[in-house]
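Reading the sequence shown from the start, the letters are residues 4 to 178 in this note's numbering. Note that the Cβ used here is the ideal one computed from N, Cα and C, for glycine as well. Quantities reported herein were computed from a predicted structural model and do not represent experimental measurements.
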Amino acid sequence: AHMGLQARLMSQALRKMTATISKSNTTVIFVNQIRMKIGIMFGNPETTTGGNALKFYSSVRLDIRRIASIKQGQDVIGSRTKVRVVKNKVAPPFREVEFDLIHGEGISREGDVLDLAVEKNIVEKSGTWYTYKDKRIGQGRENAKIFLKENAKVQEEIEKEILEKYRLQKTGLTE
4 AHMGLQARLM
14 SQALRKMTAT
24 ISKSNTTVIF
34 VNQIRMKIGI
44 MFGNPETTTG
54 GNALKFYSSV
64 RLDIRRIASI
74 KQGQDVIGSR
84 TKVRVVKNKV
94 APPFREVEFD
104 LIHGEGISRE
114 GDVLDLAVEK
124 NIVEKSGTWY
134 TYKDKRIGQG
144 RENAKIFLKE
154 NAKVQEEIEK
164 EILEKYRLQK
174 TGLTE
């Protein structure tokens, strides 16, 4: 009798909520976990709990995973995180992004700047060394990030070059 009870309740609740949510211009965020389906040979064995209602009613679904720990010495200070857009009714779906999520800080801007700069050949990475305009900015990714954090002018310069490569203008949306 209890099988699917949670799913049924979820479906009823979402049906009642959707109208109110859209009228009040509200965003609701559900956090769910992944379970394994037993005996699946083909397709994805992963499934989310609580039935299919959430999948159908949601406008955006993100698959967020920790792919590595970021350490400073022996201490874990954050996570390398991968986000996949599984469903999107408001923009193109199936996009992927990786970033550093630093505990107590949020998404690492320096990490993003470094990754994009390497991708666009603004910062050169050879072995573990990162070089910008013939100047070594760090051995190892974490050290290069620390350099950028401590040298705001250099980081701004690199950011400007990245934006130019993407043909974007910097807006006033910084901290």
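Return the residue from the list the options that minimises the CA-CA distance to residue i.
i	options	result
G53	R38, I67, I43 and R64	R38
A56	N91, H106, T131 and Q9	Q9
T51	I43, Q36 and S72	Q36
I32	V93, V63, V89 and G7	V63
S72	E164, R98, L104 and E153	L104
K136	I161, N146, G114 and G130	I161
T84	A94, R69 and P95	R69
G76	E145, K138, S27 and P96	E145
E167	G143, Q15, I125 and S82	I125
Give the DSSP bridge partners of residue i, in chain order.
i	result
E49	M39
S72	S82
F102	T84
L65	V88
Quick check: the Cα distance between residue i and residue j, rounded to an integer number of angstroms?
i	j	result
G42	G141	48 Å
E178	R112	Residue placement at E178 is flagged as unreliable, the pLDDT there being 45, under the threshold of 50; the coordinate-derived value follows with that caveat. For E178 and R112, the distance between alpha carbons rounds to 11 Å.
V88	T134	33 Å
K148	E99	22 Å
I110	V86	12 Å
V79	H106	9 Å
V34	H5	23 Å
V121	L65	26 Å
E159	P48	44 Å
L171	K123	14 Å
K108	D118	According to the sequence displayed, residue 108 carries Glu and not Lys. Cα-Cα distance, rounded: 18 Å.
K40	L12	21 Å
I165	M20	42 Å
F195	S27	Because residue 195 is not part of the residues shown, which for the chain are 4 to 178, the question remains open.
List the endpoints of the continuous beta strand (DSSP E) containing residue i.
i	result
V86	D78 to N91
E127	E127 to S129
By the DSSP assignment, the alpha helix (DSSP H) with residue i in it spans what residues?
i	result
K136	Segment: none, K136 is in no alpha helix (DSSP H) and carries neither H nor E.
K163	A155 to K168
Consider the C-beta atom of residue i and the heavy atoms of the ligand FAD; say whether any pair is separated by less than 8 Å.
i	result
Q158	The model on display carries no ligand, and the ligand FAD is accordingly not part of it.
Give the list of continuous beta strand (DSSP E) stretches no shorter than 3 residues that lie fully inside the stretch 18-43. 37-39
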